[in-house]
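J.: Counted the way this note's numbering counts, the sequence shown spans residues 1225 to 1561.
Quick one: the structure is below, and I'll ask about it shortly.
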Amino acid sequence: MNQDPVKVNRVEWFRLFPGLSLLQAARLGFRVRVLVPACLCLLVFAARPDSSRLPVDGAPTAPLIRIAMQFLPEPVDAVVVGATLFLLSGIHNNATEILSFIWSGFVLVTFGVAVSRSAATEFCLHSRTGAFSAMHFSFRHFAAGLVSTLLTAGLISVPLLVISVAGWAAEFATAGSWLVAICWPLIFLFGLLSVVVTVVCIPGWMLSLAAIGTDQCSGADALSRGINYVLSHKLLTAVYLLVVVVLSNAATMLAQWLIDVSMLVVCGRVSESFDHNNEFLSGILSGWMSGVQQLPQAAQLGVFLSGITIMYVLLRETEDGVHLREIDGAVARTSTD
1225 MNQDPVKVNR
1235 VEWFRLFPGL
1245 SLLQAARLGF
1255 RVRVLVPACL
1265 CLLVFAARPD
1275 SSRLPVDGAP
1285 TAPLIRIAMQ
1295 FLPEPVDAVV
1305 VGATLFLLSG
1315 IHNNATEILS
1325 FIWSGFVLVT
1335 FGVAVSRSAA
1345 TEFCLHSRTG
1355 AFSAMHFSFR
1365 HFAAGLVSTL
1375 LTAGLISVPL
1385 LVISVAGWAA
1395 EFATAGSWLV
1405 AICWPLIFLF
1415 GLLSVVVTVV
1425 CIPGWMLSLA
1435 AIGTDQCSGA
1445 DALSRGINYV
1455 LSHKLLTAVY
1465 LLVVVVLSNA
1475 ATMLAQWLID
1485 VSMLVVCGRV
1495 SESFDHNNEF
1505 LSGILSGWMS
1515 GVQQLPQAAQ
1525 LGVFLSGITI
1535 MYVLLRETED
1545 GVHLREIDGA
1555 VARTSTD
């Protein structure tokens, strides 16, 4: 047996610690091909129905959710708010918020898949998918994203439907109240189940969008993969998600600093000579400046969605043994079958 020492010239850190690949989301999120659909996402998202922030001040989960929502991109934040309101008080008391929830979901389906496609092709293949090509890809697979979204809503609604029936029965004379009182432990278990299902389905749904963008999965297959990865690797999913949130917020601060410094440089040389008395010109300038101020939020969203895509690829390798460099696996499998 050869016992000569082996000299190691290079350590494959990304192979030893696959989670380090999530750091690449910070780079991908600042690509123009990612920023363009992210900006469009925020622009369309801004047309949603006005919604208030979180709900019930006395709700025990509200403070924790409020803290979490401060660090999420706006469309994702709206989805979390809508899901929370749906859990706490249903549709009837929060019609505007639920509409905002639905609108946010459709916006993320449309533009999230586009961002995932651009991020996946660069991360996996080191090739480029332009913003317009990614948007075209997203429109072609919109049905898959819609199916995934509807299935997610259905899964969350099933245990809540049982609780709603119990609430209706409690109003049905004394017999209904007796029935609810006797069955209260079972009703409580459905309430617990609804919380667990929501906590699992929301990240699973976000991973499903990445699955559509990366592997061109059908809606049901994409959601099945997302939920399976979350359930099979709970701690790993939580850690990856935390890293993605931290990176996206760091990107926001970096982008905001760059914009602030650039504004000082430009305004210090242009402001004095600009004709501020002309309302039309001032309006144009104000519009441009407002648009520029949206770039930090676009960078946050771009980094977040890119991170979710890399997270999907890493979990896919851990769970299914699919190499990091493979994409369009669902299409390849279908054609082989």
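The beta-carbon is built from N, C-alpha and C at its ideal position, and this holds for glycine as well.
In the structure shown, what three-state DSSP assignment does residue 1253 receive?
T.: coil
J.: Buried or exposed for residue 1549, going by 16 or more other Cβ atoms inside 10 Å?
T.: When all chains shown are included, residue 1549 counts as exposed.
J.: Can you give me the Cβ contacts of residue 1546 inside the same chain, cut-off strictly under 7 Å, excluding the 5 residues immediately before and after it?
T.: 1540 and 1553
J.: So residue 1435 packs on residue 1371, CB below 8 Å; how close in whole Å?
T.: Approximately 12 Å separates the beta-carbon atoms of residue 1435 and residue 1371; this is outside 8 Å, ruling out the contact.
J.: Go ahead and pull the three-state DSSP assignment for residue 1395.
T.: coil
J.: Skipping 5 residues on each side, what residues in its chain have a beta carbon closer than 7 Å to that of residue 1351?
T.: 1345
J.: Please work out which residues of its chain come closer than 6 Å, Cβ to Cβ, to residue 1242, disregarding the five sequence neighbours upstream and downstream, and give them in chain order.
T.: 1538
J.: Less than 7 Å between C-beta atoms, sequence neighbours within five positions excluded: which residues of the same chain meet that for residue 1462?
T.: Answer for residue 1462: no residue qualifies.
J.: On a CA-only basis, which of 1430, 1395 and 1522 is nearest residue 1330? Give me that one, please.
T.: Among 1430, 1395 and 1522, the Cα nearest to that of residue 1330 is on 1430.
J.: When you compare each of 1451, 1419, 1361 and 1469 to residue 1375 by their alpha carbons, which one comes out closest?
T.: 1451
J.: Applying the 10 Å Cβ sphere with the 16-neighbour rule, what's the burial state of residue 1477?
T.: exposed
J.: Below 8 Å on the Cβ atoms is my contact criterion, and I expect residue 1258 with residue 1389 to pass it. Report the Cβ-Cβ distance as a whole number of Å.
T.: That pair is no contact at about 45 Å.
J.: In whole angstroms, what separates the C-alpha of residue 1334 from that of residue 1363?
T.: 7 Å
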